[in-house]
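A.B. asks:
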Amino acid sequence: MKIAFIYRDITFQAPLGVMYLSAFLKRSGHDCYSFLIEQDAVDDLVKFKPDFLCYTVTTSNYKFYVEYNKTIKRLFGAMSLFGGPHATFFPELIMEPDIDGVCMGEGEEALLDLVTRVEKKEDYLNAPNWVFKADGKVIKNRCRKLETGIDSYPFPDRMTFFKTPRLRRSSIWVFIGSRGCPYQCSYCHNHLMNTIYADGPRVRFRAPENITREIHEVRREYPVKQIIFTDDTFNLNKKWLEELSARYAKEVGIPYSCYIRANLVDDEVGEWLRRSNCAVAYLGIESGNERVRKEVLNRPMSDRDIINASCVLNRNKIKIVALNILGIPGTTFSDDLDTLKLNIRCRPYQAVGQLLQPYPNTRIYDYSVQLNLFHEEDVSRLGDLLTDSKLSFDPGHLKKVTILRDLFAFLVKFPFLFKFFPMFLVLPRAILYNISKAYYGYLKLRLFPVFSGPGQILLGIVNFYNREKKGVS
Ligand code: B12
Ligand code: SF4
Numbered sequence: 001m002k003i004a005f006i007y008r009d010i011t012f013q014a015p016l017g018v019m020y021l022s023a024f025l026k027r028s029g030h031d032c033y034s035f036l037i038e039q040d041a042v043d044d045l046v047k048f049k050p051d052f053l054c055y056t057v058t059t060s061n062y063k064f065y066v067e068y069n070k071t072i073k074r075l076f077g078a079m080s081l082f083g084g085p086h087a088t089f090f091p092e093l094i095m096e097p098d099i100d101g102v103c104m105g106e107g108e109e110a111l112l113d114l115v116t117r118v119e120k121k122e123d124y125l126n127a128p129n130w131v132f133k134a135d136g137k138v139i140k141n142r143c144r145k146l147e148t149g150i151d152s153y154p155f156p157d158r159m160t161f162f163k164t165p166r167l168r169r170s171s172i173w174v175f176i177g178s179r180g181c182p183y184q185c186s187y188c189h190n191h192l193m194n195t196i197y198a199d200g201p202r203v204r205f206r207a208p209e210n211i212t213r214e215i216h217e218v219r220r221e222y223p224v225k226q227i228i229f230t231d232d233t234f235n236l237n238k239k240w241l242e243e244l245s246a247r248y249a250k251e252v253g254i255p256y257s258c259y260i261r262a263n264l265v266d267d268e269v270g271e272w273l274r275r276s277n278c279a280v281a282y283l284g285i286e287s288g289n290e291r292v293r294k295e296v297l298n299r300p301m302s303d304r305d306i307i308n309a310s311c312v313l314n315r316n317k318i319k320i321v322a323l324n325i326l327g328i329p330g331t332t333f334s335d336d337l338d339t340l341k342l343n344i345r346c347r348p349y350q351a352v353g354q355l356l357q358p359y360p361n362t363r364i365y366d367y368s369v370q371l372n373l374f375h376e377e378d379v380s381r382l383g384d385l386l387t388d389s390k391l392s393f394d395p396g397h398l399k400k401v402t403i404l405r406d407l408f409a410f411l412v413k414f415p416f417l418f419k420f421f422p423m424f425l426v427l428p429r430a431i432l433y434n435i436s437k438a439y440y441g442y443l444k445l446r447l448f449p450v451f452s453g454p455g456q457i458l459l460g461i462v463n464f465y466n467r468e469k470k471g472v473s
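Quick note on numbering: our numbering labels position 392 of the sequence shown as 392, and the sequence is numbered without any gaps.
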C-alpha cells in the first residue's frame, strides 16, 4: 500500500514519531513517501497516488492540518488518518470533516494493522487504538498493549524525510532513547498516557548499544554535529544513564542536549552528563512557588531540589535552559514573580517563560474549566510557546503576566531591569515583544555550537522569525 506522511516543514527538529512509523511500515513492504507541504510539489504527491494520507498533530497545529487535508483529500481516493499527541488526547477530532481515522497512543502496530486490514479488504472498524465514524456514530476502540521491546523497532526512516540537499546538510539530529515518563504533572500528556496504558510498563528504555548504533548509522550519512535527545526525562533511570553516558562518551562524544528532571539530579548524574559531553540541559522549573508546583502542577519537588540541580549542572559547565509556565490558573502575579526569583537564583543560560496553554484532557485543563477560566470551544485557539494566554483572566493581571512572559529571559539575565517593570507596562507591547523574540532567537541559536559565526547567527534569527510567522516549530 502507499502511505504519504504529510508534514508542514522540517526546520529545527524532524518528527521522530512519523519517521518511526515510516520505517515500521517499510519493513513490512509498504511504500512510504514524505510530503513536505512547503517545499514539495503537489504533482509529486499526485504521481505517488497514496492510499493513505497521514498527519501527525499537536494541539497547536492541528487546525492547519485539518484545513490542509480538506484541500488535498479530494485529489485522491485516499483515507485520511490523524495521529500524534492531539489525536490521542482529543479523539473527538474524528468529528472534523474529511478525517477517516484517528489513532490514539503509539502508532507503529496500530497503523500497520489498519493498512493490512484495508489491503486485505477486511473489516477494520474494530482495529485497536483507532477511532472511526460510521453511520453517524463514533467508534472508539481500546488501545493495544505497548510494545515493551522497543529495540525491535527499526531505526527512524530519516532517508524519506531528509530528501533535499538543504535538509541533509542539517547538523543537528534528533534521537530518543526511551519512551514514557511515570510522573503525573497536571499540564503534560504523560498522566493521560499513563491512564490509557494503565496495564503494563509505560516507561521503556532502549539498550545503550542500540542507541549508539543508530547514531553511528546516521553519522555515516549525515554531518551530525549536535544531538538532541527528546526523551521526556533523560535522567529517569540512573543505571541506564550511567551505561548510556559511558558508552556515548567512548563511542560518540558529540555535544548533546536533553530534558532533565531536577529532583533526580545528583553529583553522579552531573558528572556522567559532563563526561559524555552534555552541552545543554532543559530543566523544568515551571513554577517558583512550592504550593503551585505541588497543588496545581502536581510536581511535588522543593526549591532546594531545583537549586541543587542547577548548582550541579552549572558546576559541570552544562548550559541550563530553564522551562517555566506563567499565567497558571489559580495563581497570582506574585506567584509568577516567585518563578522569576527562583530562575534568577538558578542562573540558567536561558530562561524560557511560557503562558499556560491548557491542552485538552489534561488535569490543568479540567482545573481551568472548573475555575471558569477556559471553555471547550476555545481548544482550537490554543497555541505554543509564543502564544498569548487563552485563559479569561482579569485584563490587568493578563497584561502583567504577558509582559513578564515577553521579558522573562531578559529579567532573569538582568534582574535590575525589573525596577522598570511599571514602565514596560505602558510601552507599546510590539517593541518589547520583538526585542525579546530576537533575544530569544539569538540565545536559542547560540546554544548550538554549530551556529557559531555572527553571519550564521544573524541568518538563524531571520529564519527563526520567518518560521514563527509561518507558525512552524
Ligand atoms: C521533541 C518534541 C518537540 C520538538 C519536535 C516535535 C516533533 N514534531 O516531533 C519541538 C521542539 C519542535 C516541539 C515543539 C512543540 N511541542 Co513538543 N514535544 C516533543 C517531545 C518531547 C518528543 C516528541 C517525540 O519525538 N516523541 C517520540 C515519538 C516516537 O512519539 P510521537 O511523536 O508521539 O509519535 C508516536 C505517536 O504519537 C503516534 N503518531 C504520531 N503521529 C502519528 C500519525 C499517524 C497517522 C498515526 C497513525 C500515529 C501517529 O505514533 C508515533 C510512534 O509511536 C514530546 C513529548 C513526547 N514524549 O512525545 C513533546 C510534545 C509533543 N510537545 C508538546 C508541545 C506542547 C509542544 C509545543 C507547543 C511547545 C511549545 N510550548 O511551544 C511546540 C509545538 C510544536 C508544533 N508545531 O505543534 C506536547 C504536545 C501536547 C499536545 N496536546 O499537543 C508534547 C506531547 C509534550 C507535553 N508536554 O505534553 N516539540
Ligand atoms: S516530568 Fe516532564 S515529561 Fe514527565 S510528566 Fe512531568 S512534565 Fe511530563
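Backbone N, C-alpha and C define an ideal beta-carbon position, used for all residues, glycine too. Quantities reported herein were computed from a predicted structural model and do not represent experimental measurements.
#1: Using the beta-carbon count (16 or more within 10 Å), is PHE451 buried or exposed?
#2: For PRO422, does the count of other Cβ atoms within 10 angstroms reach 16, so buried, or fall short, so exposed?
#3: Report all residues for which the CB-ligand distance to some heavy atom of ligand 2 is below 6 Å; order them along the chain.
#4: For the pair the region 168-187 and the region 74-84, tell me if three or more CB-CB distances fall below 8 Å.
#5: Would GLY136 be called buried (16 or more neighbouring beta carbons within 10 Å of its own) or exposed?
#6: With DSSP as the reference, label LYS470 as helix, strand or coil.
#7: Which ranges does the alpha helix (DSSP H) cover as unbroken runs of at least 4 residues, wholly within the region 297-366, from first to last along the chain?
#8: Using a Cβ distance threshold of 8 Å, determine whether the region 287-294 contacts the region 256-274, with at least three qualifying pairs required.
#9: Give the DSSP bridge partners of ASP31, in chain order.
#10: Which residue comes first and which comes last in the beta strand (DSSP E) that contains GLY474?
#11: Output yes or no for whether 8 Å exceeds the beta carbon distance between ALA322 and ASN298.
#12: Taking Cβ positions, are LEU443 and ASP406 nearer each other than 8 Å?
#13: Identify which residue in ARG345, ALA14 and LEU371 has its Cα closest to the Cα of ASP305.
#14: With hydrogens ignored, establish whether the beta-carbon of SER171 is closer than 7 Å to any heavy atom of ligand 1.
#15: Since I believe ALA279 is in contact with ILE320 (beta carbons under 8 Å), could you give me their beta-carbon distance rounded to a whole number of angstroms?
#16: So, at 7 Å on beta carbons, what are the nonlocal neighbours of MET104 in its own chain, with the 5 sequence-adjacent residues on each side left out?
#17: Go to GLY441, then tell me how far its alpha helix (DSSP H) extends in each direction, as first and last residue.
#18: Let me make sure I understand the geometry here. Which of GLN370, TYR62 and SER22 has the alpha-carbon closest to that of ARG381?
#19: Let me know if GLN357 comes out buried or exposed under the rule of 16 or more other beta-carbons within 10 Å of its beta-carbon.
#20: Specify the secondary structure class of TYR153 as computed by DSSP and reduced to three states.
#21: Less than 7 Å between the CB of PHE89 and some heavy atom of ligand 1, yes or no?
#22: Could you pull out every residue in the same chain whose Cβ sits closer than 8 Å to the Cβ of ARG315, ignoring the five residues on either side in sequence?
#23: Between LEU404, ALA249 and ILE435, which lies nearest to PHE420 when the distance is taken from Cα to Cα?
#24: CA-CA distance, PHE393 and TYR359?
#25: Let me check one thing: in DSSP terms, what residues is GLY83 bridge-paired to?
#26: Return yes when at least one heavy atom of ligand 1 lies under 7 Å from the C-beta of HIS397, else no.
#27: Specify the secondary structure class of ILE228 as computed by DSSP and reduced to three states.
#28: Leaving out five residues on either side along the sequence, give the residues of the same chain with a beta carbon under 7 Å from the beta carbon of LEU192.
#29: Look at the alpha carbon of LYS400 and the alpha carbon of THR332, and state the distance between them as a whole number of angstroms.
#30: For ligand 1, I want to know if TYR68 counts as a neighbour, meaning its beta carbon is within less than 7 Å of at least one of the ligand's heavy atoms.
#31: Leaving out five residues on either side along the sequence, give the residues of the same chain with a beta carbon under 8 Å from the beta carbon of LEU417.
#32: CYS32 to LEU236, Cα distance in whole Å?
#33: Taking Cβ to Cβ, would you say LEU167 is nearer than 8 Å to ILE6?
#34: Taking TYR259 and ASP231 to be in contact with their CB atoms under 8 Å, please state how far apart those CB atoms are, rounded to whole angstroms.
#35: Name the residue from ASP100, ALA23, SER368 and LEU16 whose alpha carbon lies nearest to the alpha carbon of PHE52.
C.D. replies: Walking through what the data contain:
#1: In this predicted model, PHE451 has a pLDDT of only 49, less than 50, meaning its place in the structure is not dependable; the value taken from the coordinates is given anyway. Answer is buried; the Cβ neighbour count reaches 16.
#2: exposed
#3: With 6 Å as the limit, the residues whose C-beta approaches any heavy atom of ligand 2 more closely are CYS181, TYR183, CYS185, CYS188, ASN190, ASP232, THR233, ARG261 and GLY284, in sequence along the chain.
#4: no
#5: exposed
#6: With a pLDDT of only 46 at LYS470, under 50, the local geometry of the prediction cannot be trusted, and the value read off the model is given with reservation. In the structure shown, LYS470 sits in a helix (DSSP, three-state: H, G or I).
#7: 303-315 and 333-346
#8: no
#9: LYS2
#10: Beyond the ends of the chain as shown, which are 1 and 473, falls residue 474; an answer cannot be given.
#11: no
#12: Contact: no.
#13: ARG345
#14: no
#15: Contact doesn't hold; Cβ gap of about 11 Å is too wide.
#16: ALA87, THR88, PRO91, ASN129, VAL131, CYS143 and ILE196
#17: First-last of the alpha helix (DSSP H) with GLY441: 429-446.
#18: TYR62
#19: So GLN357 counts as buried.
#20: coil
#21: yes
#22: GLY270
#23: Comparing C-alpha distances from PHE420 to each of LEU404, ALA249 and ILE435 shows the shortest one belongs to LEU404.
#24: 17 Å
#25: THR56
#26: Set against 7 Å, the gap from the CB of HIS397 to the closest heavy atom of ligand 1 is not smaller.
#27: Note: ILE228 maps to strand in three-state DSSP.
#28: PHE89, ASN361 and THR362
#29: 10 Å
#30: no
#31: Counting only Cβ-Cβ distances below 8 Å, and skipping sequence neighbours, we find LEU407, PHE410 and LEU411.
#32: 34 Å
#33: Not in contact: LEU167 and ILE6 (Cβ atoms no closer than 8 Å).
#34: 6 Å
#35: Here the closest residue by C-alpha is ASP100.
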